[in-house]
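All remarks here apply to the structure that follows.
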Amino acid sequence: MKKGKALFGISTALILLLSACSGGNNEGENEKVDKEILEKVSKTGFPIVEEPLTIKMFTGKSNANLNFNWNDPLLVWDEYEKMTNINIEWTEQVLKDNLEEKRNLALAGGTIPDVFYSANLSNLDIFKYGKQGTFIDLSSYIEDYAPNLQKFLENNPDVKKGITFPDGKIYSLPALRDNDFLAIRISAFPWINKSWLEKLGMEEPGTTEEFYEYLKAVKEKDPNGNGEADEIPYGGVNLEYLTNWLRGSFGLGNRGSGFVDVAPNGDKTRFIATTDNYKELLQYVNKLYSEKLIEQNIFSIKWDQIMANGAEGKYGSTVFWDPQSTFKGPEGGNYVGLSALKGPSGEQLFSPVSSPLFSNGQFVVTKENPNPAATVRWLDYFYSDEGARLLYMGIEGESFEVVDGKYKYFDETIEANDASKFVPWVGVNPPGIVKQDYFSGAEGTEKSLTAAEKIKPFVPEQLWPSEFTYTEDENKTLSTIGADIEKYVKEMTDKFVSGDVSFDEWDKYVKTIEDMGLEKYMEVKTEAYNRFQKN
1 MKKGKALFGI STALILLLSA CSGGNNEGEN EKVDKEILEK VSKTGFPIVE
51 EPLTIKMFTG KSNANLNFNW NDPLLVWDEY EKMTNINIEW TEQVLKDNLE
101 EKRNLALAGG TIPDVFYSAN LSNLDIFKYG KQGTFIDLSS YIEDYAPNLQ
151 KFLENNPDVK KGITFPDGKI YSLPALRDND FLAIRISAFP WINKSWLEKL
201 GMEEPGTTEE FYEYLKAVKE KDPNGNGEAD EIPYGGVNLE YLTNWLRGSF
251 GLGNRGSGFV DVAPNGDKTR FIATTDNYKE LLQYVNKLYS EKLIEQNIFS
301 IKWDQIMANG AEGKYGSTVF WDPQSTFKGP EGGNYVGLSA LKGPSGEQLF
351 SPVSSPLFSN GQFVVTKENP NPAATVRWLD YFYSDEGARL LYMGIEGESF
401 EVVDGKYKYF DETIEANDAS KFVPWVGVNP PGIVKQDYFS GAEGTEKSLT
451 AAEKIKPFVP EQLWPSEFTY TEDENKTLST IGADIEKYVK EMTDKFVSGD
501 VSFDEWDKYV KTIEDMGLEK YMEVKTEAYN RFQKN
């Protein structure tokens with residue numbers, strides 16, 4: 001990226017004056033200056049500005065791309081600078097482990113950038129700093145300078161509800177997942193070893209009871225044929241992935257993942273983890289665990305061990321990303337996707353699916369920004385089909401080619417293991433939209449797409465965003481009472497499944513949650529839900 005370009009148009013000090021609550025003799029002058037700035041920002045086409053503009057951005061990264069400095073030449077950013085006449089100066093590029101600390105230091109009195117990009121801000125912080133004036137309201141800018149995002153919001157009103165805060169303002173621009181790209185909204189799929197099914201003479205399980213019988217057969221009948229009891233009927237990253245998959249089989253999760261959904265045959269919210277259905281779910285999973293049908297160290301297993309087990313073909317089933325592209329062994333191709341299982345009472349739902357609103361905290365514009373209008377236009381391109389292709393694939397002929405209608409990276413891009421030199425999405429959750437045609441991660445493989453089609457009929461009709469927006473008082477409740485309740489539920493879920501706590505203690509467990517302030521917690525969740533419905 002080129003450095004040293006002057007800020008566009010007008011001095012930062014004067015522009016900052018515009019964001020203050022001014023009146024009297026300055027009001028007319030401020031309106032005039034603001035109009036002059038906006039007139040120099042193109043609402044359509046490129047470049048966005050005629051004179052060069054530099055915007056300073058803070059970004060989070062992962063180990064996958066931390067070594068690639070985005071201020072050095074990078075195919076996508078360089079091309080987009082030529083298109084827009086806007087240079088991005090990446091002032092801080094922070095490893096995600098340090099992201100919260102570095103972000104908070106900047107907001108607490110350090111150097112505030114023009115934009116926090118891919119910085120994983122919570123709705124709590126977005127609203128807090130929005131009300132303080134540190135983050136600016138982007139509502140009018142979306143209407144005037146973000147036609148691609150505006151179109152998406154019109155077609156997906158629940159997403160607009162999800163990014164609108166209790167004061168009616170929009171302080172952040174989201175990371176979106178295309179509605180039609182279901183595989184990425186599922187992400188980690190349930191998989192079963194097809195070759196072992198065939199050796200055992202069994203069909204793909206369609207019910208929780210059939211799944212249990214398959215796991216039992218894997219344990220007892222040596223499907224890998226080596227004479228050793230080294231098969232692992234079910235293994236994976238953690239217990240949560242398994243219980244999330246199975247929740248819909250017990251009538252839970254009809255609004256997606258989370259602690260709250262809506263009671264059947266009504267619109268009243270309910271806390272999932274104190275229901276009889278949840279107890280039934282945990283009793284089922286406890287049965288699997290106690291009979292050693294689940295990897296016994298699933299509560300503490302390390303990533304390296306998961307990958308080694310997968311590469312050696314030890315798993316009879318798992319909830320993971322496409323094993324063929326992740327396990328790096330010949331056994332990965334033996335897995336096929338499972339769908340929602342029918343539970344003991346006939347329920348069949350696949351609840352661990354995210355809303356198209358994947359993350360709300362990936363792009364906020366601060367009061368320091370010299371030109372919010374140009375900044376919003378800069379990002380809006382990445383909500384278009386062409387922008388998604390640029391962000392995720394790069395440039396045809398330089399980083400990818402089209403073969404039989406499919407977009408494919410050149411071999412050297414993959415083999416060099418440095419796609420981060422070409423495209424900036426690797427290891428980042430960037431604002432914009434992810435589309436199936438241009439995504440080459442594990443969720444975009446043929447196996448994942450086929451698995452998603454199998455699941456599609458059982459996806460809940462309405463999916464809530466991963467996080468509602470809350471008032472300041474509501475956030476205080478959730479960060480204290482709510483955090484304690486959710487932590488306790490997770491701890492007790494593991495203890496019930498492992499057998500460390502007997503189900504004879506269930507009533508005591510429910511009473512403890514109620515005494516921790518469940519009624520207040522649910523009041524907050526219900527009010528946020530009602531506000532979401534009315535937005």
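Numbering (the working numbering), first residue to last: 1 to 535.
Glycine residues also receive a C-beta, built at the ideal position from the N, C-alpha and C atoms.
Residue environment, residue i, which counts as buried when at least 16 other CB atoms sit within 10 Å
{"i": "LEU105", "result": "exposed"}
{"i": "ASN90", "result": "In the sequence on display, residue 90 carries Trp and not Asn. It is buried - the Cβ of TRP90 has at least 16 other Cβ atoms within 10 Å."}
{"i": "GLU305", "result": "Checking the displayed sequence, the identity of residue 305 turns out to be Gln instead of Glu. Classification of GLN305: exposed, given that the 10 Å Cβ count is below 16."}
{"i": "PRO372", "result": "buried"}
{"i": "GLN362", "result": "buried"}
{"i": "THR274", "result": "buried"}
{"i": "VAL115", "result": "buried"}
{"i": "SER300", "result": "exposed"}
{"i": "PRO264", "result": "exposed"}
{"i": "ILE112", "result": "buried"}
{"i": "LEU288", "result": "buried"}
{"i": "ASP276", "result": "exposed"}
{"i": "ASP125", "result": "buried"}
{"i": "TRP70", "result": "buried"}
{"i": "THR44", "result": "exposed"}
{"i": "ASP380", "result": "buried"}
Option nearest residue i by Cα separation, candidates the options
{"i": "LEU406", "options": "PRO424, VAL428, LYS435", "result": "Rather than Leu, the amino acid found at residue 406 in this sequence is Lys. Measuring from the Cα of LYS406, the nearest candidate turns out to be LYS435."}
{"i": "TYR470", "options": "TYR509, GLU51, GLU523, ASP515", "result": "GLU523"}
{"i": "LYS128", "options": "LYS520, ASN369, ILE170", "result": "ILE170"}
{"i": "GLY333", "options": "SER339, TYR241, ASP322, GLU81", "result": "ASP322"}
{"i": "GLU386", "options": "MET83, TRP196, VAL365", "result": "MET83"}
{"i": "GLU98", "options": "ILE86, GLU81, LEU66", "result": "First, the amino acid is wrong: residue 98 is Asn here, not Glu. Looking at the Cα atoms, LEU66 is the closest of the given residues."}
{"i": "PHE496", "options": "GLN150, TYR278, ALA451", "result": "TYR278"}
{"i": "THR326", "options": "PHE422, PRO352, SER448, TYR234", "result": "SER448"}
{"i": "LYS61", "options": "ILE433, ASN297, GLU100, GLU331", "result": "GLU100"}
{"i": "LEU338", "options": "LYS525, GLY168, GLU154, PRO457", "result": "PRO457"}
{"i": "GLN348", "options": "THR207, LEU107, GLY482", "result": "THR207"}
{"i": "LYS219", "options": "LEU239, TRP196, ASP500, GLN93", "result": "TRP196"}
{"i": "TYR529", "options": "ASP125, LYS490, ASP507, LEU463", "result": "LEU463"}
{"i": "TYR284", "options": "SER479, LEU239, ASN224", "result": "LEU239"}
{"i": "LYS534", "options": "PRO166, ILE55, ARG270", "result": "PRO166"}
{"i": "TYR521", "options": "ASN123, TRP506, SER479, VAL76", "result": "SER479"}
{"i": "GLY235", "options": "GLU209, GLN296, THR54", "result": "GLN296"}
{"i": "GLY253", "options": "SER118, GLU209, VAL459", "result": "VAL459"}
{"i": "PHE211", "options": "ASP178, LEU293, VAL262", "result": "LEU293"}
Nearest-angstrom beta carbon gap, residue j and residue i [assumed within contact, 8 Å]
{"i": "ILE485", "j": "GLU79", "result": "Incorrect: roughly 48 Å between the Cβ atoms, too far for contact."}
{"i": "ALA64", "j": "GLY427", "result": "3 Å"}
{"i": "TYR438", "j": "TYR392", "result": "4 Å"}
{"i": "LYS268", "j": "PHE532", "result": "Not a contact, Cβ separation roughly 15 Å."}
{"i": "GLU231", "j": "LYS314", "result": "6 Å"}
{"i": "ALA175", "j": "SER359", "result": "4 Å"}
{"i": "LEU149", "j": "LEU173", "result": "7 Å"}
{"i": "VAL365", "j": "ILE163", "result": "Going by Cβ atoms, the distance from VAL365 to ILE163 rounds to 14 Å, so no, they are not a contact pair."}
{"i": "VAL319", "j": "PRO233", "result": "Contact doesn't hold; Cβ gap of about 13 Å is too wide."}
{"i": "TRP378", "j": "ILE86", "result": "5 Å"}
{"i": "ASN226", "j": "GLY316", "result": "Incorrect: roughly 14 Å between the Cβ atoms, too far for contact."}
{"i": "LEU281", "j": "PHE259", "result": "With a Cβ gap of about 14 Å, LEU281 and PHE259 do not count as contacting."}
{"i": "LEU357", "j": "PRO465", "result": "4 Å"}
{"i": "SER257", "j": "SER122", "result": "That pair is no contact at about 17 Å."}
Bridge partners - residue i, DSSP secondary structure assignment
{"i": "ASN254", "result": "GLY256"}
{"i": "ALA175", "result": "SER359, GLY432"}
{"i": "GLY60", "result": "VAL94"}
{"i": "ARG270", "result": "ASP261"}
{"i": "LYS395", "result": "It is worth fixing the name first, because residue 395 is Ile in this sequence and not Lys. DSSP lists no partner for ILE395."}
{"i": "PHE127", "result": "Looking at the DSSP assignment, PHE127 forms no beta bridge with any residue, so it has no partner."}
{"i": "THR366", "result": "PHE135"}
{"i": "ASN87", "result": "THR54"}
{"i": "VAL49", "result": "VAL41"}
{"i": "GLU401", "result": "LYS408"}
{"i": "TYR117", "result": "THR59, PHE363"}
{"i": "VAL336", "result": "ILE192"}
{"i": "THR207", "result": "LYS342"}
{"i": "TYR234", "result": "ILE294"}
Task: Length-filtered (3 minimum) beta strand (DSSP E) runs lying within the segment 430–468 - done: Correct list: 432–434.
Task: 3-residue-minimum beta strand (DSSP E) runs that sit fully inside the segment 287–324, ordered along the chain - done: Qualifying beta strand (DSSP E) stretches, in chain order: 317–320.
Task: Runs of alpha helix (DSSP H) lying entirely within the segment 156–205, each at least 4 residues, in chain order - done: Unbroken alpha helix (DSSP H) stretches of 4 residues or longer found wholly inside the segment 156–205: 157–163, 182–186, 194–200, given in chain order.
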